[in-house]
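A.B. asks:
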Ligand code: GDP
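In UniProt numbering, the protein residues as written are 16 to 198.
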């Protein structure tokens, strides 16, 4: 009998315009996604990933506000996204982390703080250190990424396009699996 495939729901939280939709689109094209499964219609927000010999399905949900979360059936993971060129989006990320803490979801759920748009290096308004500190305060994992679909060639060259997006995708699933072992 084949092992049943585990399915997880991942909510992307964060201000409008930080790149949540762009990130989800980029996840859909990752090399970690099963080529065969990609042909099947899993729905446009769901991917099948083979990691360490085990298959899992991740369904992504773009949520601007953590207040929209169904407390009775919360997602398995939260990716709190901000833009490193937008200080207000960083404040919003902090607000979201506080909301998750107040809902007692930090302990039981995977939480990753992701600073996007690092390709726009010259316009950076939030330092890597500030991001790390915020993540640490709320015991979240931290990563800086660049979906890099913006064609601002001048600045894009600094870190290249699609920086750390696969690492984030693999990190989400790895952390979910680690958390499920602890409960
Ligand atoms: P959402 O509102 O959080 O879903 O944000 P979107 O995914 O719609 O992205 C908002 C805008 O930011 C779009 O114009 C994207 O092209 C742009 N964007 C997203 N990610 C990046 C990135 O990593 N670098 C740059 N320079 N632009 C990005």
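Positions of the beta carbon are idealized from the N, C-alpha and C atoms, including for glycine.
Fair warning: this is a prediction, and the values are worked out from it, not measured in the lab.
#1: Helix, strand or coil: how does DSSP classify residue 191 here?
#2: Note down, in chain order, each residue of its chain lying with its Cβ closer than 6 Å to the Cβ of residue 78, except the 5 sequence neighbours on either side.
#3: Does the ligand GDP have a heavy atom nearer than 7 Å to the CB of residue 33?
#4: At what residue ranges does the stretch 31 to 118 contain a whole run of the beta strand (DSSP E), taking only runs of 3 or more?
#5: Contact defined as beta carbons within less than 8 Å: I believe residue 125 pairs with residue 84. What is the distance between those atoms, to the nearest angstrom?
#6: Alpha carbon to alpha carbon, how far is residue 141 from residue 130?
#7: Buried or exposed, going by whether 16 or more other CB atoms sit within 10 Å of the CB of residue 41?
#8: Pop quiz: residue 38 and residue 133 are said to be a contact at Cβ under 8 Å. What is the actual Cβ separation, rounded to whole angstroms?
#9: Which two residues bound the contiguous alpha helix (DSSP H) that contains residue 150?
C.D. replies: The short version:
#1: helix
#2: 26 and 28
#3: yes
#4: 61 to 66, 69 to 78 and 92 to 98
#5: Contact flag wrong, Cβ pair sits at about 14 Å.
#6: 9 Å
#7: buried
#8: Actually they do not touch by this definition, with Cβ atoms about 13 Å apart.
#9: 143 to 152
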